[in-house]
Each structure stands twice: as C-alpha cells, then as structure tokens.
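Peer 1:
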Amino acid sequence: MKQEIKELVLTALKCLEEKRGIEIKELPLFTIEVPKVEEHGDFATNVAFMLTKSFKASPRQIAEQIIECLPKCNWLERVEVAGPGFINFFLKENAWQQIVKRILKQKEDYGRGEVKGIKVLVEFVSANPTGPLHIGHGRGAAVGDSLANILDFAGYDVQREYYINDRGRQMQILGYSVYLRYLELVGEHRDFPKECYQGDYIKDLARELYEKEGLKYKEMPEAEAVSKISQCAGQKILDDIKETLKIFGVGFDNWFSEKSLYEESKVKRLLQWLKEQGLAYEKDGALWFSSSRFGDEKDRVLIKADGTMTYFASDLAYHKNKMERGYDLLVDIWGADHHGYVARVKAGVKAMGFDPKKLQILLIQLVHLKRGGVPVAMSTRAGEFIPLKDVLDEVGKDAARFIFLTRSCDSHLDFDLEVAKSQNMENPVFYVQYAHARVCSIEKMAQERGISFPELLKIDLSPLIEPEEIRLMKLLAQFPEVIEGASRSLEPHRLPYYLTELAGEFHRYYNKHRILGVAEEVSQARFALAQAVKIVIKTGLSLLGVTAPQQM
RNA sequence: GCGCCCGUAGCUCAGCAGGACAGAGCAACGGACUUCUAAUCCGUCGGUCGGGGGUUCGAAUCCCUCCGGGCGCGCCA
Numbered sequence: 076m077k078q079e080i081k082e083l084v085l086t087a088l089k090c091l092e093e094k095r096g097i098e099i100k101e102l103p104l105f106t107i108e109v110p111k112v113e114e115h116g117d118f119a120t121n122v123a124f125m126l127t128k129s130f131k132a133s134p135r136q137i138a139e140q141i142i143e144c145l146p147k148c149n150w151l152e153r154v155e156v157a158g159p160g161f162i163n164f165f166l167k168e169n170a171w172q173q174i175v176k177r178i179l180k181q182k183e184d185y186g187r188g189e190v191k192g193i194k195v196l197v198e199f200v201s202a203n204p205t206g207p208l209h210i211g212h213g214r215g216a217a218v219g220d221s222l223a224n225i226l227d228f229a230g231y232d233v234q235r236e237y238y239i240n241d242r243g244r245q246m247q248i249l250g251y252s253v254y255l256r257y258l259e260l261v262g263e264h265r266d267f268p269k270e271c272y273q274g275d276y277i278k279d280l281a282r283e284l285y286e287k288e289g290l291k292y293k294e295m296p297e298a299e300a301v302s303k304i305s306q307c308a309g310q311k312i313l314d315d316i317k318e319t320l321k322i323f324g325v326g327f328d329n330w331f332s333e334k335s336l337y338e339e340s341k342v343k344r345l346l347q348w349l350k351e352q353g354l355a356y357e358k359d360g361a362l363w364f365s366s367s368r369f370g371d372e373k374d375r376v377l378i379k380a381d382g383t384m385t386y387f388a389s390d391l392a393y394h395k396n397k398m399e400r401g402y403d404l405l406v407d408i409w410g411a412d413h414h415g416y417v418a419r420v421k422a423g424v425k426a427m428g429f430d431p432k433k434l435q436i437l438l439i440q441l442v443h444l445k446r447g448g449v450p451v452a453m454s455t456r457a458g459e460f461i462p463l464k465d466v467l468d469e470v471g472k473d474a475a476r477f478i479f480l481t482r483s484c485d486s487h488l489d490f491d492l493e494v495a496k497s498q499n500m501e502n503p504v505f506y507v508q509y510a511h512a513r514v515c516s517i518e519k520m521a522q523e524r525g526i527s528f529p530e531l532l533k534i535d536l537s538p539l540i541e542p543e544e545i546r547l548m549k550l551l552a553q554f555p556e557v558i559e560g561a562s563r564s565l566e567p568h569r570l571p572y573y574l575t576e577l578a579g580e581f582h583r584y585y586n587k588h589r590i591l592g593v594a595e596e597v598s599q600a601r602f603a604l605a606q607a608v609k610i611v612i613k614t615g616l617s618l619l620g621v622t623a624p625q626q627m
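Mind the numbering: the first sequence is residues 76 to 627 in the numbering used here, read in order.
1. Anyone know if the C-beta pair for residue 164 and residue 80 falls short of 8 Å?
2. I need the DSSP call for residue 150, collapsed to helix, strand or coil.
3. What does the alpha-carbon distance come out to for the pair residue 145 and residue 83?
4. Over the uninterrupted alpha helix (DSSP H) stretch that includes residue 395, give me the two end residues.
5. What three-state label does DSSP hand residue 256 in the structure shown?
6. Give the single residue among 412, 509, 242 whose Cα lies nearest to the Cα of residue 574.
7. May I ask you to verify whether the stretch 510 to 520 touches the stretch 487 to 497, counting CB pairs closer than 8 Å and requiring at least 3?
8. Report the rounded CA-to-CA distance for residue 236 versus residue 302, giving the unit in angstroms.
9. Just curious, the beta strand (DSSP E) that residue 361 is in, first and last residue?
10. Can you tell me whether residue 309 is buried or exposed? The criterion is at least 16 other CB atoms within 10 Å of its CB, across all chains shown.
11. May I have the straight-line CA-CA distance separating residue 214 from residue 440, to the nearest angstrom?
12. Residue 524 by DSSP, collapsed to three states: which one?
13. Are the beta-carbon atoms belonging to residue 534 and residue 599 less than 8 Å from one another?
14. Would a C-beta distance cut-off of 8 Å place residue 461 and residue 199 closer than the cut-off?
15. Return the chain-ordered list of same chain residues with a C-beta closer than 8 Å to the C-beta of residue 260, the five sequence neighbours on each side being excluded.
16. Of the residues 314, 614, 126, 371, which one's Cα is nearest the Cα of residue 507?
17. To the nearest angstrom, how far is it from the Cα of residue 457 to the Cα of residue 106?
18. Once DSSP output is grouped into helix, strand and coil, what is the label at residue 446?
19. As a quick exercise: from 603, 388, 364, pick the residue whose alpha carbon is nearest that of residue 353.
20. Roughly how many angstroms lie between the CA atoms of residue 511 and residue 387, to the nearest whole one?
21. Near residue 367, what residues of its chain come up, given a Cβ to Cβ distance below 6 Å and the 5 sequence neighbours on each side ignored?
22. If you count every other CB in all the chains shown that lies within 10 Å of the CB of residue 627, and 16 or more means buried, which is it?
23. Which of the three DSSP states is assigned to residue 210 in this structure?
24. Pick out the complete beta strand (DSSP E) segments inside the stretch 315 to 355, 3 residues or longer, and give them in chain order.
25. I need the boundaries of the beta strand (DSSP E) containing residue 237, first residue and last residue.
26. Would a C-beta distance cut-off of 8 Å place residue 536 and residue 580 closer than the cut-off?
27. Are the CB atoms of residue 423 and residue 394 within a distance shorter than 8 Å?
28. Helix, strand or coil: how does DSSP classify residue 541 here?
29. If you drop the 5 nearest sequence neighbours on each side, which residues of the same chain put their C-beta closer than 6 Å to that of residue 623?
30. Drop a sphere of 10 angstroms on the beta-carbon of residue 524, count the other beta-carbons inside from all chains shown, and report buried for 16 or more, exposed for fewer.
31. For the candidate residues 115, 618, 389, whose alpha-carbon lies nearest to that of residue 341?
32. Just how far apart, CA to CA, sit residue 166 and residue 179?
33. Work out the CA separation of residue 522 and residue 414 for me, nearest whole Å.
34. For residue 185, which residues from the same chain have a beta carbon less than 6 Å from its beta carbon, with the 5 sequence-adjacent residues on both sides left out?
35. Helix, strand or coil: which one does DSSP assign to residue 199?
36. By how many angstroms is the C-alpha of residue 275 removed from the C-alpha of residue 455?
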C-alpha cells in the first residue's frame with residue numbers, strides 16, 4: 076500500500092518537472108508513513124519539505140503543486156495539504172477491504188517478502204558445552220531463532236548455526252572437574268579448585284560415569300582420563316543443550332565444531348597466512364595479530380607463550396570459514412558481556428580481506444531473573460544458576476519466548492517468573508493468543524448453530540465500514556511492513572509489539588460488534604475479516620516460535 | 001581512566017531509517033457479562049522524553065558535553 080502511494084508521488088514529481096521545467100537534482104529521500112493521528116489521513120508524505128531548495132518555494136506551495144499533478148486513482152478518496160506542508164492521503168474504504176481479500180487469498184504467505192537472493196547465516200547461542208543453558212542463553216536463543224524466522228519470511232536465504240567450543244582450556248577444566256568428582260566417588264579426595272565447575276551437574280556426570288564405567292578411569296593415567304572424560308562429558312552436556320533447545324522450539328541447520336577447524340588445519344593455515352602477509356608477528360614468545368591496524372584498540376594474542384591457541388585464533392578461522400561459504404551477511408548474536416570482542420573480530424574480518432559490513436554483531440543485554448519482583452540469586456561462581464530448562468518447565472515455552480522477544484536487545488530484561496505465569500496484560504502472550512482463540516471460537520459457534528459461510532474469497536466485503544473495522548484493516552495492511560522493518564533492522568521485537576496491537580484492536584472490535592447474529596451480508600464480511608486477523612496472528616506467532624491455540 | 005549499552009508516566013517498556021499535539025501495559029479510581037470465551041472491553045488520573053548546548057523548516061530520535069545506572073577492558077572464555 077505504501078509502495079503504491081510512493082509510485083503516485085513519483086509520477087507526480089516527474090510530471091511537475093516537465094510542466095514547470097524545474098529540474099529535481101536528486102530524487103529526495105522522502106517517506107510515506109502512517110500518521111499517528113487519524114485526522115491526518117491514512118498515509119502522509121513529507122516530500123514537499125525535501126524539495127524547498129530545488130523549487131525555491133515554501134513546502135505548502137510545493138505540496139499544492141504536487142497534488143495537482145497526482146494521477147487519478149480510484150481508491151483514493153482525497154488528498155490534502157496539511158500543517159507546514161505534509162501531503163495527507165485519504166483512502167476509500169474499499170482500498171482497505173482489498174487487504175482482507177489479499178490476506179484470505181495468500182493465507183500464511185501474506186507478508187512474505189519477495190525472494191531477495193541474499194544468503195544470511197545467523198549464528199547464535201553457541202554456548203560452551205561446559206554446563207547447561209541458563210536464562211541468558213534463552214534470550215539469545217529466542218532472539219536468534221525468531222530473527223532467523225523473520226529473515227527467512229522476509230525473503231532472505233537463511234541458515235542457522237551453533238558454534239561449539241569443543242576444545243581448549245574450558246573443555247580441559249570440564250574434564251578435570253568431572254574427574255575430581257569421580258575420584259571422590261571412588262574414595263579419593265582432593266581439593267576442588269575454585270576455577271573448576273562448581274555446579275551439581277558435574278557430580279551427576281561423575282556419578283553416571285562411575286555407574287557405567289566403574290573404576291576404569293581411576294586406573295588409567297590422569298592425563299588420559301581427563302582427556303577422555305572431557306570428551307565424554309562435553310558430549311553429554313551438548314546433548315542436554317540440544318534437548319533444552321528442542322523444548323524451546325529452537326533448531327539449527329548446522330552444528331559447527333571448533334575442533335574441526337584444527338583437524339582440518341584451518342587455524343594453522345590461517346596463522347601461517349597472517350604471518351606471510353605481515354599481519355601477525357612474534358613478541359615475548361607469543362604470536363600477535365596486528366588488530367590495532369584495523370580499528371581495534373590493541374593487538375591481540377593468537378598463540379600464547381605456552382604454545383596453546385587462544386579462542387580468538389579459532390574465532391578468526393571460524394569467521395574466515397563462514398565468509399568463504401559465500402554468505403552475503405553474517406549475523407552473530409552474542410551476550411553483551413562479549414562486547415569487548417567486537418572490535419577485534421571485525422578487525423580480523425577486515426584484515427582477512429572481507430567487507431566488515433557483512434558481519435553484523437547483535438549484542439544482547441543481560442537478563443535479570445526475578446520472582447514476584449525479587450531478584451533470584453544467581454551466582455555463577457558457586458554454579459548456582461537457574462537452568463533454562465527449569466524456567467521452561469515452570470512458565471512454558473510460549474510465555475518465555477514472547478517475553479524474551481518483547482524487548483529491544485539493547486535493553487536489560489527483567490524476567491519475572493510470576494509475571495510470566497500470570498494471565499493478564501503484564502504478560503501479553505496470552506492476550507495475543509486469546510485473540511486467535513476467539514476467532515476459532517466464533518468458527519466453532521457458527522458450526523454449532525448450523526451457520527455456514529460461503530467460500531471466503533467470494534464474500535462481499537463492502538459492509539466493512541465501521542471505524543473499528545477500518546482500523547483493523549489498516550493494521551493488517553501494516554504486517555508486511557513490520558516484517559520488512561524487523562528484518563532490515565534486525566529487530567525482532569517489533570513483531571510482538573505489532574501483534575499485541577493487532578490483538579488489542581481485535582479485542583476492542585469483538586467487544587463492540589457482533590460477528591454472528593447480525594444481518595447476513597454483514598456477518599459474512601465480518602467473519603472474513605476475523606479470518607484475516609486469525610491468519611496474521613498465527614503467522615506472526617509462528618515466526619516468534621509461539622503456538623496459536625484454538626481454544627484457551 | 002578508556003570502550004559499549006541504557007536513562008521516556010509511580011513501575012515495566014514501545015516510539016517504526018528526524019516529521020504534525022509523546023504511546024501501551026501495570027498500578028490507582030470509576031464503569032460494562034440473560035446474546036460469538038470478562039484471559040476481554042470502556043472511561044479518569046498521570047510525562048519540562050536525565051541536564052545543558054548544537055545541526056535542521058522540524059529532534060525522544062543525529063552531534064557535542066555533563067550527570068546517573070549496567071557491562072566490559074588478560075598470553076581467561
């Protein structure tokens with residue numbers, strides 16, 4: 076709809092140019108938008124403001140001239156100049172009714188963007204397999220998964236990937252932690268160091284190991300035992316992570332192993348190449364990457380003096396690999412506590428000869444878990460974090476996902492378990508679902524009363540003229556733009572806000588007007604409108620990974 | 001000290017590539033169920049958009065600065 080208005084304006088501009096002999100030097104970046112106030116029409120444009128220089132006239136005068144040149148259009152009621160020079164467009168009712176028709180025709184494809192031919196890789200969660208997912212990972216998972224859904228729906232070619240840090244020091248510590256707990260079980264007590272993983276899940280892993288394998292690991296050399304246990308425990312934890320993600324409705328196309336980068340010598344070859352290019356140098360027994368030459372505040376270590384690789388070395392090889400797989404855009408979703416890492420990875424990408432604009436890093440702010448307004452104690456040091464799985468068990472997937480998404484990534488998020496369970500507007504997930512269920516309920520009631528409706532596309536929509544109906548149709552018309560905006564800006568939170576608004580508009584309508592039990596033509600038209608609402612809510616919720624129940 | 005994010009109604013947050021008088025929910029108060037689910041709806045109350053400069057026809061939005069809060073600044077991840 077917006078696009079069509081834009082075309083009209085562009086035609087008018089061209090006509091004006093010829094008529095007045097005025098040359099518009101550069102096509103202005105004007106906008107078409109839906110005004111906040113209804114008196115300002117259905118759409119408005121600021122184009123006149125942009126042309127004051129070319130035309131050497133006041134915005135109002137220019138606006139008048141543009142209106143004169145607007146082509147005739149059968150769905151336009153009137154166009155007027157308002158305020159300091161806005162052009163307001165008022166549409167005929169049947170223009171909005173067309174939207175309902177379009178939705179009923181396209182069904183779950185309404186809002187889907189045209190295939191853009193842009194390959195995107197969204198990498199998210201990527202939690203180390205050294206412990207269960209916690210609530211912060213949950214936010215990243217919800218945002219990443221929904222963003223990927225939205226991008227896909229908007230017409231991008233999307234892949235989802237989880238990067239597994241399945242090697243390195245953390246994995247060693249994991250193996251050692253489980254080893255120590257295992258030794259305790261078989262009667263050998265040693266100090267349990269602070270840097271080891273403190274959580275109870277370590278004890279569970281040790282117990283499982285003991286029950287399955289007996290004394291096997293006690294009898295082998297420590298180094299061998301730790302290495303074997305590390306691998307085995309990492310796998311177990313990864314399985315557990317996968318299970319939690321499954322419950323959460325999050326899936327990946329690819330699980331990328333950090334270890335594989337080493338097995339294929341990718342890290343080694345990259346470091347060699349960096350050295351040859353003069354981008355890496357040795358100092359104090361370590362190998363350094365000259366990241367400061369590419370915008371980072373200082374150089375970074377790739378190989379430590381003890382000969383081990385930093386994670387940063389792997390990360391560079393990983394990003395090189397991702398770029399070489401031919402993506403047009405890489406989206407990395409990280410916790411905000413990693414923001415210090417952004418500059419160095421971007422520097423690396425630039426140094427390796429890739430366009431750093433192709434890498435978008437989304438930082439997700441912290442989640443504060445609360446219960447009834449009181450913070451839930453979370454001490455990572457003691458390993459006393461609440462696993463995501465427990466939160467899902469308590470509040471359910473739908474509420475959790477919706478809450479994680481109903482906030483800009485830049486904002487800290489208070490996740491209150493009581494609120495997540497409550498069924499009021501503090502927790503809008505039910506509000507949106509309820510609107511969907513209400514439409515289903517109307518269908519059911521119609522069936523019970525033996526009312527049958529004609530084929531939806533054949534229904535005459537002209538009775539839809541109530542202000543609440545027009546408003547509802549206008550909102551439905553915005554859905555494709557919401558998708559477009561959310562994908563372009565990588566801001567999935569726009570969608571839940573839109574859905575809440577749409578649900579609200581429907582609830583209002585439902586309370587004021589009846590769908591069944593009114594004159595037949597009216598009833599049919601309203602039923603068709605309700606179906607359109609149902610389709611959009613269902614599509615929107617599914618993009619968020621939230622179910623749309625038939626009944627509540 | 002440096003860097004990133006945040007500061008909008010009593011509370012939790014939106015504000016859509018700067019646009020017309022700043023929005024929603026909660027809380028408070030007052031209303032609406034013999035008719036499609038009241039998990040709903042309607043109304044009232046509530047804001048010098050942290051302060052100050054600047055750019056612009058026009059700023060919550062962009063720039064500078066100051067103040068507050070969070071996070072990060074390792075040859076840890």
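Just so it is clear, CB atoms sit at the ideal spot from N, CA and C, and this is done for glycine as well.
This structure is a prediction, so every number in the text was calculated from the model and none was measured.
Peer 2: Per the coordinate set shown:
1. As a first step, residue 164 must be located in the first sequence, where it is residue number 89. As a first step, residue 80 must be located in the first sequence, where it is residue number 5. Cβ atoms of residue 164 and residue 80: closer than 8 Å.
2. Translated into the one-based positions of the first sequence, residue 150 becomes position 75. Residue state, collapsed to three classes: coil.
3. Working through the first sequence from its first residue, we reach residue 145 at position 70. Working through the first sequence from its first residue, we reach residue 83 at position 8. Straight-line Cα distance between these residues: approximately 6 Å.
4. Within the first sequence, the letter at position 320 stands for residue 395. It spans 386 to 399 - the alpha helix (DSSP H) in which residue 395 sits, taken as one unbroken run.
5. The residue given as residue 256 occupies position 181 in the first sequence. Here residue 256 sits in helix by DSSP.
6. Residue 574 sits at position 499 when you count from the first residue of the first sequence. Comparing C-alpha distances from residue 574 to each of 412, 509, 242 shows the shortest one belongs to 509.
7. Three or more beta-carbon pairs separated by less than 8 Å are not found between the stretch 510 to 520 and the stretch 487 to 497, which leaves the two stretches without contact.
8. Start at 1 with the first residue of the first sequence, and residue 236 comes out as number 161. Start at 1 with the first residue of the first sequence, and residue 302 comes out as number 227. When rounded, the distance between both Cα atoms is 26 Å.
9. Within the first sequence, numbered from 1, the residue matching residue 361 stands at position 286. Segment 361 to 364, the beta strand (DSSP E) holding residue 361.
10. Within the first sequence, the letter at position 234 stands for residue 309. Its Cβ being crowded by 16 or more others within 10 Å, residue 309 is buried.
11. Reading the first sequence from its first residue, position 139 is the one you call residue 214. Reading the first sequence from its first residue, position 365 is the one you call residue 440. Rounded to the nearest whole angstrom, the CA to CA distance from residue 214 to residue 440 is 9 Å.
12. Within the first sequence, residue 524 is the residue found at index 449, counting from 1. For residue 524, the three-state secondary structure derived from DSSP is coil.
13. Taking the first sequence and counting its residues from 1, one reaches residue 534 at position 459. Taking the first sequence and counting its residues from 1, one reaches residue 599 at position 524. Less than 8 Å separates the beta-carbon of residue 534 from that of residue 599.
14. Along the first sequence, read from residue 1 onward, the residue named residue 461 stands at position 386. Along the first sequence, read from residue 1 onward, the residue named residue 199 stands at position 124. Cβ atoms of residue 461 and residue 199: not closer than 8 Å.
15. By one-based count along the first sequence, residue 260 stands at place 185. Cβ neighbours of residue 260 beyond the five flanking positions: 281, 282, 285.
16. The residue given as residue 507 occupies position 432 in the first sequence. The shortest C-alpha to C-alpha distance from residue 507 to any of 314, 614, 126, 371 is the one to 614.
17. In the first sequence, residue 457 corresponds to position 382, counting from 1. In the first sequence, residue 106 corresponds to position 31, counting from 1. Its pLDDT being 48, under 50, residue 457 is placed unreliably by the model, and the measurement read from it follows with that caveat. When the Cα atoms are used, residue 457 and residue 106 turn out to be separated by approximately 54 Å.
18. Stepping through the first sequence from its first residue, residue 446 is reached at position 371. Strand at residue 446.
19. On the first sequence, residue 353 is found 278 positions in, with the first residue counted as 1. Taking the Cα of residue 353 as reference, the smallest distance to any Cα among 603, 388, 364 is reached at 364.
20. Translated into positions along the first sequence, residue 511 becomes position 436. Translated into positions along the first sequence, residue 387 becomes position 312. Each residue's alpha carbon lies about 47 Å from the other.
21. For the purposes of this step, residue 367 is identified with residue 292 of the first sequence, where counting begins at 1. Around residue 367, the same chain offers 373, 374 as residues with beta carbons nearer than 6 Å, after the five sequence neighbours per side are excluded.
22. Taking the first sequence and counting its residues from 1, the one referred to as residue 627 is at position 552. Result: exposed.
23. If you number the first sequence from 1, residue 210 lands on position 135. In the structure shown, the three-state DSSP call for residue 210 is helix.
24. With a minimum length of 3 residues, the continuous beta strand (DSSP E) runs that stay inside the stretch 315 to 355 are 329 to 332.
25. For the purposes of this step, residue 237 is taken as the residue at position 162 of the first sequence. Start and end: 232 to 239.
26. Reading the first sequence from its first residue, position 461 is the one you call residue 536. Reading the first sequence from its first residue, position 505 is the one you call residue 580. No, the Cβ-Cβ distance between residue 536 and residue 580 is not below 8 Å.
27. Sequence index remark: in the first sequence, residue 394 carries index 319 (1-based). Sequence index remark: in the first sequence, residue 423 carries index 348 (1-based). The answer is yes: Cβ separation under 8 Å.
28. As a position in the first sequence, residue 541 is number 466, starting the count at 1. DSSP places residue 541 outside both helix and strand once states are collapsed to three, so it counts as coil.
29. The count along the first sequence starts at 1 and reaches residue 623 at position 548. Only 511, 613, 616 meet the Cβ criterion.
30. Taking the first sequence and counting its residues from 1, the one referred to as residue 524 is at position 449. Its Cβ having fewer than 16 others within 10 Å, residue 524 is exposed.
31. Translated into positions along the first sequence, residue 341 becomes position 266. The shortest C-alpha separation from residue 341 is found at 389.
32. Here residue 166 refers to the residue found at position 91 of the first sequence. Here residue 179 refers to the residue found at position 104 of the first sequence. One alpha carbon belongs to residue 166, the other to residue 179, and they sit about 21 Å apart.
33. As a first step, residue 414 is located in the first sequence; it is residue number 339 there, counting from the start. As a first step, residue 522 is located in the first sequence; it is residue number 447 there, counting from the start. Using only the alpha carbons, I get a separation of about 56 Å.
34. As a working mapping, residue 185 is identified with position 110 in the first sequence. Answer for residue 185: 178, listed in chain order.
35. What you label residue 199 is simply residue 124 of the first sequence in a count that begins at 1. In the three-state scheme derived from DSSP, where H, G and I count as helix and E and B as strand, residue 199 is classed as coil.
36. Here residue 455 corresponds to residue number 380 of the first sequence, with the count starting at 1. Here residue 275 corresponds to residue number 200 of the first sequence, with the count starting at 1. Its pLDDT being 48, under 50, residue 455 is placed unreliably in this model, and the value from its coordinates should be taken loosely. Rounded to whole angstroms, residue 455 to residue 275 spans 12 Å at the Cα level.
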